[in-house]
Structure formats: C-alpha cells, structure tokens
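To start, the structure under review is shown below, and the notes come after it.
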Amino acid sequence: MRTSEIQFRNNSNNFLELVSTQMKITHIEVIALQKKLSSQMQISRGGFAIRNHTLVRVHTDSGISGLGEGIGNALLVKAILKEQMCELAVGQDPFNIEALRQSLLDSQVYFER
C-alpha cells in the first residue's frame, strides 16, 4: 500500500485509528463454496453431510483485496449479496465500516429481510 493512501490519527479514546484517505471499493466477488463431509454432522436441529460457505473478496482501486465470510444458506446469501448489496459498497471507503454498515441498513434490502 502506498503511504499516501493511509494515515493514522488519534480517535476520541486516544487509540491510533487507521484512516483511508483515497482507497475505494471497486467491486466485490461473491463465492459460494460447498464441501461434502466424510461423515454426517449432527446438531440439535438435525444432521447434514454437506457444508456450504459464502466468501466475499473485496477489491479496491489500490489493487488491494480482502476476504470476508457470509453466514447462512450459501446460495441464498450469494444471490442477495450479488443482486442487492455489493453495488451499495462500490465507491465507498473499505476502512469506514460504520458508513458501509449504515448504507446497508438504510437500503431497501434491510427492510425486506
């Protein structure tokens, strides 16, 4: 990462806080993974023989990417992320988690869940 793209500042609690000055999210990949288990796994609600996971890879205009995980039904989570949520994050600062969260809460997606 180029040093011109990040800076540190003291926040109100006197902790150093990483602040992005230029980096923006350019696109988000959503990846649904499925793994067949060697034996069925039992939980209180029943059993299952396949594990599903959803990963997101967030790409920035600085060439840096990061990984995250979605929870729940992998195919459903992937569809919701791709169709309704990823576009809300594009153009935003990946370090400003509060603003990203608020844009999702303010969106129609939150009220339709």
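With the numbering used here applied, the sequence shown corresponds to residues 1105 to 1217, in that order. From the three backbone atoms N, C-alpha and C, an ideal C-beta is built for every residue, glycine too.
| Check | Outcome |
| --- | --- |
| DSSP on residue 1127, reduced to helix/strand/coil? | coil |
| Just verifying my parser: in three-state terms, what is the DSSP assignment at residue 1149? | coil |
| Could you tell me which residues DSSP pairs with residue 1211 in its beta bridges? | Beta-bridge pairing links residue 1211 to no other residue. |
| Does DSSP classify residue 1138 as helix, strand or coil? | strand |
| Which of the three DSSP states is assigned to residue 1206 in this structure? | helix |
| Pairing CB atoms from the region 1186 to 1193 with CB atoms from the region 1163 to 1172, are three or more of them under 8 Å? | no |
| Assuming residue 1134 and residue 1160 are in contact, meaning their beta carbons sit under 8 Å apart, how far apart are those beta carbons, in whole angstroms? | 6 Å |
| Could you tell me the distance, in whole angstroms, from the CA atom of residue 1202 to the CA atom of residue 1127? | 16 Å |
| Can you tell me the Cα-Cα spacing of residue 1157 and residue 1180, whole angstroms? | 11 Å |
| So, for residue 1139: in the same chain, excluding its five sequence neighbours on each side, which residues have a beta-carbon less than 6 Å away from its beta-carbon? | 1155 |
| Note down, in chain order, each residue of its chain lying with its Cβ closer than 7 Å to the Cβ of residue 1131, except the 5 sequence neighbours on either side. | 1163 and 1194 |
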